[in-house]
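A short worksheet on the structure shown next.
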DNA sequence: CAGCAATAGTTCATCCGTACAACAAATCCT
DNA sequence: AGGATTTGTTGTACGGATGAACTATTGCTG
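Protein chains in written order, with my numbering: chain A, 1 to 396; chain B, 397 to 792.
Here's what the structure looks like:
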């Protein structure tokens, strides 16, 4: 009755071995987290481990290709110069895959966060053939993997980002309305058998990409491509929900008497702040380009400006509910919203803070996403590398 | 950049000592979780620890008063009879305190989950004096503590449940609208200095009380007293949000053109499914008793029945949004909603499942709360004991 | 009822990983 | 040049888990 959460490791017996694993992780994290390179002595001081212990752990991480020693550089003070430790470039890599409405692609990131390779194929994938596309993406990924392994990099795994409801347990794609896909098991179609591939919703992986920048540990992420996607990040960790379906903000009720939505309900957020709704309200064709809308806005055209007001108010209302329910202090606007930020930010912030009960005590900050295009691909690769860091013992 | 969450312990060096702590926890949990008493050998089999290890750990837990050995009872098979291990009664206890709109009280629970002592004082605390009430509650708690210690029980700590916005970091009560309190630091007012007291919102602690029963590991909890409170439980753990203000479902927008709410916005859930709104819609005085409403409903009176329809639809809509954002498969209705369950459950379930995008793949279950009155007090005491179990090393 | 099989719990030598202290290495300062 | 200072390494000690052997206590069987 008094038992709380069983984290993956918490119901497993702790052996001597576990100490090593945990301290390996601790040391690796210390180096990866630090803005400047650390020495063994620095790590010892930060972690509280003995210098001797840190030394053996670091040696192991270096041998395993997770860390690299730089040339010792004399400090401005007395004493033996320290050996700077940094994440190892181009040894272990993670792969991010994505199918979106107008492109598919793959990116390879190494432990330094550098893009080792990236390939993107543009197209129009509205109502597309899942088997064909995923096979193509699989081939693309396979060529990247081969290239990596030729250069003696170890591929830690891959994450596939899809714009739909993905079951986090089984990896099944329940439905991706904008692709016209449903009931698909995407992993086998990629044909990357020996490599572990995990599937997730693209908004969630895009949110992970924000963690590379200067973002608070907890935030809500909202993005618009064709649909509206959302994600919850708590303490730098994705909050997926029971089955990976959290953050579905697109169909929050704005007005029970509002326009009919594709989902069957009335007055969903998507009918106010979705891309199509936005374009229509701005007096432009549904599939107009975002750049055209931005241009019209900069030109000061009234219909587009009014459309943004409506969208911002709706978005703010939905996000206000979101914050009331989840309580995080920051909202990050990504995708199309990041581009339209100048016309959204203040209005959204006002609407949110109007609705959030706790706002008087701690106002909610609204900001734009830092990660650029292909954020989901990047975030996916990052997630793979986060897993490596969470259990470095597997890789040394 | 690839760093994920730092749980309280995860950035601390693991020493030999940590092994002991973790395995103590593991063994304690195994015994506490098991429906039937376990032997040392059973625990060893379940945890994967060696029998020798389990023996020393169990000895320590028994010596520390967390576990008790029952009389060996011969099994129906060959072999030396096992010594059954069970949670120790009346050794270590947790205290739950609560101030609510019509009562204040304290309860003492031991590790078996039994109520050791409980005291409740009824009253009308709408717009009450915080200092006086908390002083009174403190005195009441002190007498319970004294009584416990006279009987050689160790008091592990206390949780104070308040119907308002509590800052989980500092323990400050920002505002409790129905008590008429704001900007209060409640802990010093209790005057229980040496004992650690943690403050939390009462809906959240009431949700914890549900964990004693047969409830799925993740659920949303909604309760109505005067205001509407909510909580998120994920994997048997309270999800508090960044500052402890999660689950504030009472002011989710139901209709932007709806009635004006005390919070300043329009069409909040509280205006449809709050106790006062409900009574008014039923044609009864705002402060009518719940039993009267239930009786009217059982008598089949039309106005009350219609009121329930409206409330259920609103509640379902808000909960639908909630589930879309947080993704859990179960909703538990507590407080007044538990009593009104027969007139709420089906309507709420239909409304939720109408709105939840993922419902076709996994319908949302709506159920009533199992914990009775004073659920927050009970949940608070349970939380204290959960902390004991999370770190038994501190108590042996 | 004696002897054997089976199961629970304990004892002890061993292994593994961290800690501490002493030491070697490499620099700055005077 | 020599002391001070800091880094990294080496070797011994210690704490905790382990597995095998051992004791304790039962049921089963002839």
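All C-beta atoms, glycine included, are put in the ideal place defined by N, C-alpha and C.
Note that the structure is a prediction, hence the values are computed from the model and not measured.
- According to DSSP, residue 633 (chain B) shares a beta bridge with B:630.
- For residue 504 (chain B), the closest of B:792, B:770, B:667, B:440 by C-alpha to C-alpha distance is B:770.
- By the CB criterion at 8 Å, residue 358 (chain A) and residue 577 (chain B) fall outside the cutoff.
- Here residue 659 (chain B) carries a coil assignment [DSSP, helix/strand/coil].
- Within 7 Å of the CB of residue 361 (chain A), the CB atoms of chain B belong to 570, in sequence order along the chain.
- Per DSSP, the continuous alpha helix (DSSP H) segment holding residue 717 (chain B) begins and ends at 698–722.
- For residue 273 (chain A), the three-state secondary structure derived from DSSP is helix.
- When 8 Å is used as the limit between beta carbons, residue 48 (chain A) is near these residues of chain B: 408, 409, in chain order.
- By the Cβ rule, the segment 688–698 of chain B counts as touching the segment 734–742 of chain B, because three or more pairs are nearer than 8 Å.
- With fewer than 16 other beta carbons inside 10 angstroms of its own, residue 469 (chain B) counts as exposed.
- Taken through DSSP and simplified to helix, strand or coil, residue 15 (chain A) comes out as coil.
- With 16 or more other CB atoms across the displayed protein chains lying within 10 angstroms of its CB, residue 740 (chain B) is buried.
- For residue 256 (chain A), the residues of chain B that pass the 8 Å Cβ criterion are 650, 651, 713, in the order they occur in the chain.
- Residues 138 of the same chain have their beta carbon placed closer than 6 Å to that of residue 191 (chain A), with the five preceding and five following residues left out of the count.
- Out of A:323, A:290, A:384, the CA that lies nearest to the CA of residue 362 (chain A) is found in A:323.
- Against chain B, the CB of residue 2 (chain A) has a partner CB under 8 Å away; the residue lies at that interface.
- Under the Cβ criterion (8 Å, minimum of three pairs), the segment 434–441 of chain B counts as touching the segment 467–484 of chain B.
- For residue 455 (chain B), the uninterrupted alpha helix (DSSP H) segment begins and ends at 447–459.
- Straight-line measurement puts the Cα of residue 346 (chain A) at about 10 Å from the Cα of residue 316 (chain A).
- Look at residue 425 (chain B): its C-beta is under 8 Å from a C-beta on chain A.
- When the beta-carbon positions are compared, residue 209 (chain A) and residue 223 (chain A) stay at least 8 Å from each other.
- Against chain B, the beta carbon of residue 249 (chain A) has neighbours under 8 Å at 720, 721, listed in chain order.
- With a threshold of 8 Å between beta carbons, residue 642 (chain B) makes contact with chain A.
- A straight line joining the alpha-carbon of residue 676 (chain B) with that of residue 698 (chain B) spans about 13 Å.
- Using a Cβ-Cβ cut-off of 8 Å, residue 241 (chain A) counts as an interface residue toward chain B, since at least one Cβ of chain B sits closer than that to its own.
- Taking C-alpha positions only, residue 160 (chain A) is separated from residue 99 (chain A) by approximately 8 Å.
- With a cut-off of 8 Å on Cβ pairs, the segment 538–552 of chain B is not in contact with the segment 30–37 of chain A, counting fewer than three such pairs.
- Flagged as an interface residue toward chain B: residue 263 (chain A), by a C-beta distance shorter than 8 Å.
- Taking a Cβ-Cβ threshold of 8 Å, the residues of chain B close to residue 355 (chain A) are 647, 649, 661, in chain order.
- Under a criterion of Cβ atoms nearer than 7 Å, the residues of chain A adjacent to residue 509 (chain B) are, in order, 1.
- Shown here, residue 339 (chain A) sits in a helix according to DSSP, grouped into three states.
- Cβ atoms of residue 13 (chain A) and residue 419 (chain B) come within 8 Å of each other, at about 6 Å.
- Here residue 787 (chain B) has 417, 421 as same chain residues with Cβ atoms under 8 Å from its own Cβ, once five neighbours each way along the sequence are excluded.
- Minimum Cα-Cα distance from residue 167 (chain A) among the listed residues B:723, B:673, B:514 corresponds to B:723.
- Residue 3 (chain A) sits in coil when the DSSP states are folded into three classes, being neither helix nor strand.
- DSSP lists A:224 as the beta-bridge partner residues of residue 228 (chain A).
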